[in-house]
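Notes for the one structure printed next.
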Amino acid sequence: MASKASAPIGIFDSGIGGLTVAKAVRQLLPKEQIIYFGDTAHLPYGDKSTAAIQAYSVKIADVLLKSGCKLILIACNSASAAAFDLVKEYVASKALVCNVIDPVVDYLREFHPDQKVGLIGTKQTIHSGVYLQKVNALDVGITLESLATPLLVPMIEEGFHKNEVSHAIIDSYLSQSIFEGISALVLGCTHYPLIKNQISAYYQGEVKIIDSSEIVAKSVKALLEYHNLSDKGVKRDDQFMVSDFTPSFQHTTKLFFGEAITLEKYPLWE
Ligand code: DGL
Numbered sequence: 002m003a004s005k006a007s008a009p010i011g012i013f014d015s016g017i018g019g020l021t022v023a024k025a026v027r028q029l030l031p032k033e034q035i036i037y038f039g040d041t042a043h044l045p046y047g048d049k050s051t052a053a054i055q056a057y058s059v060k061i062a063d064v065l066l067k068s069g070c071k072l073i074l075i076a077c078n079s080a081s082a083a084a085f086d087l088v089k090e091y092v093a094s095k096a097l098v099c100n101v102i103d104p105v106v107d108y109l110r111e112f113h114p115d116q117k118v119g120l121i122g123t124k125q126t127i128h129s130g131v132y133l134q135k136v137n138a139l140d141v142g143i144t145l146e147s148l149a150t151p152l153l154v155p156m157i158e159e160g161f162h163k164n165e166v167s168h169a170i171i172d173s174y175l176s177q178s179i180f181e182g183i184s185a186l187v188l189g190c191t192h193y194p195l196i197k198n199q200i201s202a203y204y205q206g207e208v209k210i211i212d213s214s215e216i217v218a219k220s221v222k223a224l225l226e227y228h229n230l231s232d233k234g235v236k237r238d239d240q241f242m243v244s245d246f247t248p249s250f251q252h253t254t255k256l257f258f259g260e261a262i263t264l265e266k267y268p269l270w271e
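Residue numbers (our numbering): 2 to 271.
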């Protein structure tokens, strides 16, 4: 592989929400330089067609390759469901490519065999059936019940956490009968770590809430180590690009990343 250990990690998402994944990567791998791309011009991906998400994802992968990334992490669940195979094929041997679904499926195999597990995500993620195919392919007796929960992304982006509105929406999704008897619930969307505590409270701590951002960061670390690509040099500044800029995107970065960062505009198509 042409990439070197000192090259950056590319992380992309439909918008700002993927910063939850970037944050977990940065916490676990503080020496790695991150180049983040949020496709704010085309969000939300959760309601887009597979073909549209594939076109955007390949274009973004190209931007990240041009930035010399050694690894491209598709932080968006919707893009991981719709475009992982295509991006991997496009990138070929130029960089490692990973998604946010496979590490969670591996985690389920290890910690939840023979159990009933719930999954929530966008319409794209759930209707793609990708989690279900991968979990069924494990053949370890996991019953996966999935529900599209499209109101959660706008709710979180508009700052509705821990209030009556968010309680009512979360209750109405999680009280669906398909989720009766689950031992774990996968948060299959970049935004959901922000309401992890509220979801945990709904189950009164009796259901394991699986936050994919931490699991994904661990798998990126393992992958870099396996390929001898961990950066051991001096930390270089992270870079955060967006395909469209508004003050509101800038404002929400703090919500998802935990600290203020500066977004640079990089239009995908000029
Ligand atoms: N990033 C998306 C995901 O994880 C959520 C936001 C969107 O629909 O674009 O599926």
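Just so you know, even glycine gets a beta-carbon here, dropped at the ideal spot from N, CA and C.
Query	Result
For chain D, is any of its Cβ atoms less than 8 Å away from the one on G259?	Going by chain labels, chain D is absent from the structure shown, which holds only one protein chain.
Which same chain residues end up closer than 6 Å to G182 when comparing Cβ atoms and leaving out the 5 residues on each side of it in sequence?	K117
On the DSSP letters alone, give me the boundaries of the alpha helix (DSSP H) that A6 sits inside.	From DSSP, A6 is part of no alpha helix (DSSP H); its letter is neither H nor E.
Note down, in chain order, each residue of its chain lying with its Cβ closer than 6 Å to the Cβ of A3, except the 5 sequence neighbours on either side.	Below a pLDDT of 50, predicted positions are generally treated as unreliable, and A3, at 43, falls in that range; the measurement from the model is reported next regardless. Cβ neighbours of A3 beyond the five flanking positions: none.
Whose beta carbon lies closer than 7 Å to any heavy atom of the ligand DGL, going through the chain in order?	D14, S15, G16, G18, G19, L44, P45, Y46, G47, D48, C77, N78, S79, G122, T123, Q125, T126, V154, C190, T191, H192
Going by other Cβ atoms of all chains shown within 10 Å of its Cβ, with 16 needed for buried, is S214 buried or exposed?	buried
According to DSSP, is Y91 part of a helix, a strand, or is it coil?	helix
Would you mind stating whether A25 and V217 have Cβ atoms separated by less than 8 Å?	yes
May I ask you to list the residues that DSSP assigns as paired with F241?	Y37
Going by DSSP, what residue range makes up the alpha helix (DSSP H) through T21?	20–29
With a cut-off of 8 Å, do at least 3 Cβ pairs link the stretch 73–83 to the stretch 42–49?	yes
For K219 and A185, which I take to be in contact (beta-carbon distance under 8 Å), what is that distance rounded to the nearest angstrom?	No, K219 and A185 are not in contact; Cβ-Cβ is about 17 Å, not under 8 Å.
Would you check if there are 3 or more beta carbon pairs closer than 8 Å linking the stretch 134–149 to the stretch 228–247?	no
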